[in-house]
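Numbering (our numbering), first residue to last: 791 to 881.
Only one structure is covered here, and it is reproduced in the block below.
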């Protein structure tokens, strides 16, 4: 999968979160990896001061590490989620 570092691609990734049980928030913080996942409450927090590339890379890492109920996703988001999980991402 070729990663496109654009606002449009970031919006696609955010759309997957909006259709899932996870809440995506952009907050300031001192996260070791630039993001924090609170699995019990299903909240993903990304450093709001990250560049566009950093936000996209963080969201891709989060999507690969969490379990999302794909039955709630639209067909387009199911396809994107499947591509993200099936391919070896190269940053």
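For each residue, glycine too, the CB sits at the ideal point set by N, CA and C.
Computed from a predicted structure; not experimentally measured.
Give the secondary structure of residue 830 by DSSP, where H, G and I count as helix, E and B as strand, and everything else as coil. Residue 830 sits in coil when the DSSP states are folded into three classes, being neither helix nor strand.
Classify residue 871 as buried or exposed, calling it buried when 16 or more other Cβ atoms lie within 10 Å of its own Cβ. The residue is buried, with at least 16 neighbouring Cβ atoms inside 10 Å.
Suppose you measure from the CA of residue 844 to the CA of residue 836; what does that come to, to the nearest Å? Cα atoms of residue 844 and residue 836: separation of roughly 9 Å, rounded to the nearest angstrom.
Does residue 848 pass the burial test, meaning 16 or more other C-beta atoms within 10 Å, or should it be called exposed? Buried.
Residue from 876, 846, 800, 805 with nearest C-alpha to residue 864: The shortest Cα separation from residue 864 among 876, 846, 800, 805 belongs to 805.
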